[in-house]
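Colleague:
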Amino acid sequence: MKRKASGSLALVQRLALAPYSAWSVLFIVVPLIFVAYYAFTDLQFHFTTENITRFFTATSVVTDESGTREVHTYLLIFMRSLKLAVISTVICLIFGYPFAYLISKASERTQSILITLIMIPMWMNFLIRTYAWMTILQDTGIFNGFLSLLGLGRIHIIGTESAVVIGMVYDYFPYMILPIYSVMAKMDVKLIEAARDLGCNGAGVLRRVIWPLSLPGVISGVTMVLIPSISTFYISQKLGNGKFYLIGDAIEGQYTANNLHFAAAIAFILMVILLFGMAFMQRFANKRAAV
Amino acid sequence: MKTASRIYTALVMIFLFAPIAILLVFSFNESKSLSVFSGFSFHWYRELFRDSETLGAVRNTLVLAVSAALISTVMGTAAAVGIHKLKNRYLRAAMDTVTNIPMINPDIITGISLMLMFVFVGRLFGAATSLNFATMLIAHITFCLPYVILQVLPKLQQMDKSLPEAAMDLGCTPMRAFLKVEIPEILPGIVTGLIMAFTLSLDDFVISYFTSGNGFQTLPIRIYNMTKKTVTPKMYALATIIFFVILFLLLLSNLVDEETAQAVRAAREKKNARKKG
Amino acid sequence: MKKILTALLAAVMLLSLCALAGCGSSKTLTLNVYNWGEYISDGSEDSLDTIKAFESWYEETYGEKIKVNYTTYASNEDMYAKLSSGAVSYDVIIPSDYMIARMKDEGMLLELDFANIPNYQYIDESFRGLYYDPDDTYTVPYTYGVVGVIYNANVVDENDVGDWDLMWNDKYAGEILQFNNSRDAFATAMYKLGIDVNTTDKAEWDRALAELKTQSPLVKSYVMDEIYNMMESGEAAIGAYYAGDYFTMLDAQADGVDLRFYYPERTNYFVDAMCIPSCCQHKELAEIFINYMLSEEPAIANAEYIYYASPNSLVYESEEYQEELGEEAMEILYPGIENFSELYNAYAYQNLDSEMLDYVNTLWESLKIA
């Protein structure tokens, strides 16, 4: 009797997975096939690799301080996006990691307050928040007004790489803190105490115990910051004074120029690079964890 | 050390709330400018409540976020339970990979991919409108699902396996054991998942941008579409109101938390006393 | 915290479901209107809420309830991308001239039945037979305008003012704003060089690109709506934008900023017109809507709200309207309506074929990555 009942429960539990399986095939896997399909076809839906080769071969002439030269348009755009995204991610990690640690060490009540405080800005639309940053960072903005009040003179931020990075760090900072915090909150305090007892100093505990244990959180935090910042197209337009054309801008630009197939091709290439990058990172993390 | 961490926390909070302060201040601006403060007035709040299109967009945003959060929480929790019970290693790995895809894929790709599919399928069936509320809802559920699953799954793994078994030994039917024992155990994960899904859906612009269609416009899209004309301080007023609503809820919940915490403490003391006795 | 949030979510959910059910159950007519953001009088500043007014006017006149489903887009291109995908269905759209030409060529517009739009008589003769609709079969003009240069007189020397050269003047490096959309940005260079903005000669576009590249070190920012904040606060001193928007900036300028405006000799003339796309499901209703938008009260309300010039004589001849705008604004917004069609046909954007568009887009990208 009991076995039969638990058998039916197992069935129910297996069936519980059915809607999600169907959903993920229909709305996750199939759409990606569509991206590939559009990426490899022309307007008449005939097979072509032209969109893909265009990404790697299109060139334009650029003149800057170091003279005039020919560059690969989309490779340059991609590298620039990657660079800004990596900088933002590193900054988020450097400032977010200790903060997540601080939160996890606070009393339970303070923890929930701090976590909620971190999430509050996300409830106000990010377009509006980015707009407010423009008001702060402008040459005649709040920040510079503050500086000159202190007699420190003005600095030019808006329209520079720093402004774009500030915008990205601001918008995605919570995504770094939350996963690291949730791993740290679960960390066994006894392990740290044991390490101390065994003669580890503060740095040693951090390096040998806390960091390895928090690695899964770090990995998901890095993913959750890197991915959106590599593909953003609003922050770069607003805070970069329209001078930072990133890969997200390129995709959006091709979409509005009604070049759906090329937009899909850029998206496809970006996706492949990211999937491989993340798989590599995961493997690296697993190895580290195994050691 | 204590002061150092206090200062650090304060600095982070200043960084996080600086733009919010700007929104707050300029929502009371007299003129239309978002960078020149000319005088204090409630003008934009009056305007906001008169603007039926914006209020409609707020309603749409909430309807979408709540529906997406609820559906993805139910489906995601069920999925987490199913994944947790999966014994086949390869199936498990496949599910994990699929779950990870929307998180590893940038919004812009998720948005474009869904849009391409909806448009293609819509054309296939000759539908007059293939982008509408339903497609936006599907898109939002899709990107919320992994976050729910990743919140619930760890709670299932942490749960003591003997708990439901004990319940069944005591005569519970398996279904009842699941509802009465397992669900309460993983409830914190479910609630966190729900809140995360709601937050993500509320804040999303990119995916909505590609999948929005007929007559259903959310707030982020309405704001983005103001790009030929100026974004009015009305939007700042709206953000300020949202801020105070959350703040109010926060204070309220703090009071309630305090009460529950006291109740829990009292119960624990009672139990301990009984043990000793 | 979580309990309360959950309770709140549940409450909002219930309410919203009721709201949705409410929409679904009552059998009202719906009219889907797709327009630029902030491009219709919405009831702010005690103005007329045009959409609401239409709904109640319709119910009074025809005894039937109607719901206008009003959605917005950020650019002609965004609108075109949605419509051409075939994924949406709208009854009335308000694109700009060159986009109208393109949509007409691609069979995306329906001919209007002017019997349902008697108010069309108030549209000035100058706005009939324009290149994008030579026989006046598809469109009813909504607004028109001219691109001009706005500058801060406290920074810019009056002697430097005039024509497009001001936007290339290296005395004002870091003070100049350029359009952040390819068509308008290229046009400034092309008008400056005297190139036809509709040329299909790629070498001419290359020349315009070279001109934009020499300008780019001087450019503070490539902007759309950001221009308002930047000009108002004195963050930048020179920028080109659509005439009516200058007055919005003027209203909000900071102390120490003195904004002025002029038209370069060759510049862009544009018309945004109401059309009915081929995906329309209530054509007659759409025509009634268009006709209503031409009637006096809503037309004036819209013109006052948008601050662009109106081709509707009920508007620009109205004393109330002229008073509301003031002499200076009237002068700038309505510079010689008599020879409008001549200037318009000479300088307006026309549709470029997709190969040219792709080429221009590539040039634009190469400007932006520099």
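Protein chains in written order, with this note's numbering: chain A, 1 to 291; chain B, 292 to 568; chain C, 569 to 938.
Where a beta carbon is used, it is the ideal one built from N, C-alpha and C, also for glycine.
From a predicted model like this one, the values you see are computed outputs, not experimental measurements.
(1) How about L485 (chain B) and T368 (chain B): are their beta carbons less than 7 Å apart?
(2) Check each candidate in B:I481, B:K323, B:G413 and B:P397 and name the one with the smallest Cα separation from I28 (chain A).
(3) In this structure, does DSSP put C843 (chain C) in helix, strand or coil?
(4) Going straight from the alpha carbon of A916 (chain C) to that of I868 (chain C), what length do you get?
(5) Would you list the residues sitting across from E679 (chain C) in a DSSP beta bridge?
(6) So, helix, strand or coil for F416 (chain B), using DSSP?
(7) Taking the alpha-carbon of L786 (chain C) as reference, which of C:T767, C:N737, C:F682 and C:Y809 has the nearest alpha-carbon?
(8) Return yes when the Cβ of Y602 (chain C) is within less than 7 Å of the Cβ of T639 (chain C), no when it is not.
(9) Is the beta carbon of A263 (chain A) closer than 7 Å to that of A273 (chain A)?
(10) May I have the straight-line CA-CA distance separating A356 (chain B) from T531 (chain B), to the nearest angstrom?
(11) Check each candidate in C:D926, C:N722 and C:N880 and name the one with the smallest Cα separation from L827 (chain C).
(12) Taking CB distances under 7 Å as the criterion, tell me whether T509 (chain B) reaches chain C.
(13) In this structure, how does DSSP classify E674 (chain C) when only helix, strand and coil are distinguished?
(14) Please classify Y607 (chain C): does DSSP put it in a helix, a strand, or coil?
(15) Do you know how far the Cα of D64 (chain A) is from the Cα of E896 (chain C)?
(16) Between the alpha carbons of G716 (chain C) and G802 (chain C), how many angstroms are there, rounded?
(17) Using a C-beta to C-beta distance shorter than 9 Å, which residues of chain C count as neighbours of L293 (chain B)?
(18) Does the beta-carbon of S292 (chain A) have 16 or more other beta-carbons within 10 angstroms, so that it is buried, or is it exposed?
(19) Please list the residues of the segment 407-441 of chain B that have a C-beta atom closer than 7 Å to any C-beta atom in chain C, keeping them in chain order.
(20) Is the separation between the beta-carbon of A938 (chain C) and that of V327 (chain B) shorter than 7 Å?
(21) Give me the DSSP bridge partner(s) of T640 (chain C).
(22) Using the Cα positions of S182 (chain A) and L149 (chain A), report the straight-line distance between them to the nearest angstrom.
(23) Would S318 (chain B) pass as a contact of P524 (chain B) if the rule is Cβ separation under 7 Å?
(24) Could you give the residue range of the beta strand (DSSP E) that holds R828 (chain C)?
(25) Looking at the C-beta of D342 (chain B), does it have a partner C-beta in chain C at a distance below 7 Å?
(26) Which of the three DSSP states is assigned to Y917 (chain C) in this structure?
(27) Just curious, the alpha helix (DSSP H) that R196 (chain A) is in, first and last residue?
(28) Please check if any C-beta of chain B sits within less than 7 Å of the C-beta of S236 (chain A).
(29) Do you know offhand how far C847 (chain C)'s Cα is from G413 (chain B)'s?
(30) I need the boundaries of the alpha helix (DSSP H) containing A348 (chain B), first residue and last residue.
(31) Using CA coordinates, which residue listed in B:I537, B:T300 and B:P511 is at the minimum distance from Q111 (chain A)?
(32) Quick check on DSSP: helix, strand or coil for H334 (chain B)?
(33) If we cut at 7 Å on Cβ distances, does S329 (chain B) have a partner in chain A?
(34) Spell out the partners DSSP gives N880 (chain C) in its beta bridges.
(35) Identify the contact partners of L178 (chain A) in chain C, using a Cβ-Cβ distance below 8 Å as the criterion.
(36) Report yes or no: is there a C-beta of chain A within less than 7 Å of the C-beta of K446 (chain B)?
Modeller: Per the coordinate set shown:
(1) Taking the first residue of the second sequence as 1, we reach residue 485 (chain B) at position 194. Taking the first residue of the second sequence as 1, we reach residue 368 (chain B) at position 77. Cβ distance not < 7 Å, so L485 (chain B) and T368 (chain B) don't count as in contact.
(2) As a first step, residue 28 (chain A) is located in the first sequence; it is residue number 28 there, counting from the start. Out of B:I481, B:K323, B:G413 and B:P397, B:P397 has the C-alpha closest to the C-alpha of I28 (chain A).
(3) Position 275 of the third sequence holds residue 843 (chain C). The answer is strand: DSSP assigns C843 (chain C) an E or B state.
(4) Reading the third sequence from its first residue, position 348 is the one you call residue 916 (chain C). Reading the third sequence from its first residue, position 300 is the one you call residue 868 (chain C). Going from the Cα of A916 (chain C) to the Cα of I868 (chain C) covers about 25 Å.
(5) Along the third sequence, read from residue 1 onward, the residue named residue 679 (chain C) stands at position 111. DSSP output for E679 (chain C) lists no bridge partner at all.
(6) If you number the second sequence from 1, residue 416 (chain B) lands on position 125. Coil, per DSSP.
(7) The sequence position of residue 786 (chain C) within the third sequence is 218, counting from 1. Considering only alpha carbons, the answer is C:N737.
(8) On the third sequence, residue 639 (chain C) is found 71 positions in, with the first residue counted as 1. On the third sequence, residue 602 (chain C) is found 34 positions in, with the first residue counted as 1. Yes; because the gap between Cβ atoms is below 7 Å, this pair is in contact.
(9) Reading the first sequence from its first residue, position 273 is the one you call residue 273 (chain A). Reading the first sequence from its first residue, position 263 is the one you call residue 263 (chain A). Here residue 273 (chain A) is Ile; the residue named in the question, Ala, does not match the sequence. Not closer than 7 Å, so no.
(10) One-based indexing of the second sequence puts residue 356 (chain B) at position 65. One-based indexing of the second sequence puts residue 531 (chain B) at position 240. Approximately 19 Å, taken between the alpha carbons.
(11) Taking the third sequence and counting its residues from 1, one reaches residue 827 (chain C) at position 259. For the residues C:D926, C:N722 and C:N880, the minimum Cα distance to L827 (chain C) belongs to C:N722.
(12) The sequence position of residue 509 (chain B) within the second sequence is 218, counting from 1. No, T509 (chain B) lies away from the interface with chain C (no Cβ there is under 7 Å from its Cβ).
(13) Numbered from its first residue, the third sequence carries residue 674 (chain C) at position 106. Of the three classes helix, strand and coil, the one that applies to E674 (chain C) here is coil, per DSSP.
(14) Here residue 607 (chain C) is taken as the residue at index 39 of the third sequence, counted from 1. Three-state result, Y607 (chain C): coil.
(15) As a first step, residue 896 (chain C) must be located in the third sequence, where it is residue number 328. As a first step, residue 64 (chain A) must be located in the first sequence, where it is residue number 64. So the alpha carbons of these two residues sit roughly 43 Å apart.
(16) Counting from one through the third sequence, the residue named residue 716 (chain C) turns up at place 148. Counting from one through the third sequence, the residue named residue 802 (chain C) turns up at place 234. One C-alpha to the other measures close to 18 Å.
(17) Your numbering for residue 293 (chain B) matches position 2 in the second sequence. Note on residue identity: the sequence assigns Lys, not Leu, to residue 293 (chain B). Residues of chain C passing the Cβ test: none, with the nearest at roughly 25 Å.
(18) Because chain A is modelled from 1 through 291, residue 292 (chain A) falls outside the range shown and cannot be assessed.
(19) F409, V410, G413, R414, A419, T420, S421 and L422
(20) As a working mapping, residue 938 (chain C) is identified with position 370 in the third sequence. As a working mapping, residue 327 (chain B) is identified with position 36 in the second sequence. Contact: no.
(21) Residue mapping note: residue 640 (chain C) aligns to position 72 of the third sequence, counting from 1. Beta-bridge pairing links T640 (chain C) to C:N603.
(22) Taking the first sequence and counting its residues from 1, one reaches residue 182 (chain A) at position 182. Taking the first sequence and counting its residues from 1, one reaches residue 149 (chain A) at position 149. So the two alpha carbons sit approximately 41 Å from each other.
(23) As a working mapping, residue 318 (chain B) is identified with position 27 in the second sequence. As a working mapping, residue 524 (chain B) is identified with position 233 in the second sequence. Contact flag set, yes.
(24) As a first step, residue 828 (chain C) must be located in the third sequence, where it is residue number 260. That run of the beta strand (DSSP E) goes L827 to Y830.
(25) Reading the second sequence from its first residue, position 51 is the one you call residue 342 (chain B). Output row for D342 (chain B): interface = yes.
(26) Locating residue 917 (chain C) in the third sequence gives position 349, counting from the first residue. Of the three classes helix, strand and coil, the one that applies to Y917 (chain C) here is coil, per DSSP.
(27) On the first sequence, position 196 is the one that residue 196 (chain A) refers to. From DSSP, the alpha helix (DSSP H) with R196 (chain A) extends over V189 to D197.
(28) Sequence index remark: in the first sequence, residue 236 (chain A) carries index 236 (1-based). Chain B, which has no Cβ nearer than 7 Å to the Cβ of S236 (chain A), makes this no.
(29) Looking up residue 847 (chain C) in the third sequence gives position 279. Looking up residue 413 (chain B) in the second sequence gives position 122. Approximately 14 Å between the Cα atoms of the pair.
(30) Position 57 of the second sequence, counted from the first residue, corresponds to residue 348 (chain B). It spans S343 to K376 - the alpha helix (DSSP H) in which A348 (chain B) sits, taken as one unbroken run.
(31) Within the first sequence, residue 111 (chain A) is the residue found at index 111, counting from 1. Nearest C-alpha to Q111 (chain A): B:T300.
(32) The residue labelled residue 334 (chain B) in the question sits at position 43 within the second sequence. In this structure, H334 (chain B) counts as helix in the three-state DSSP scheme.
(33) In the second sequence, counting from the first residue as 1, residue 329 (chain B) sits at position 38. Not closer than 7 Å to any Cβ of chain A, the Cβ of S329 (chain B) fails to qualify, so no.
(34) Residue 880 (chain C) sits at position 312 when you count from the first residue of the third sequence. Note: N880 (chain C) sits in a beta bridge opposite C:I691.
(35) Against the first sequence, residue 178 (chain A) aligns to sequence position 178. The premise fails here: L178 (chain A) is roughly 15 Å from chain C at the closest Cβ pair, so nothing lies under 8 Å.
(36) Taking the second sequence and counting its residues from 1, the one referred to as residue 446 (chain B) is at position 155. No, K446 (chain B) lies away from the interface with chain A (no Cβ there is under 7 Å from its Cβ).
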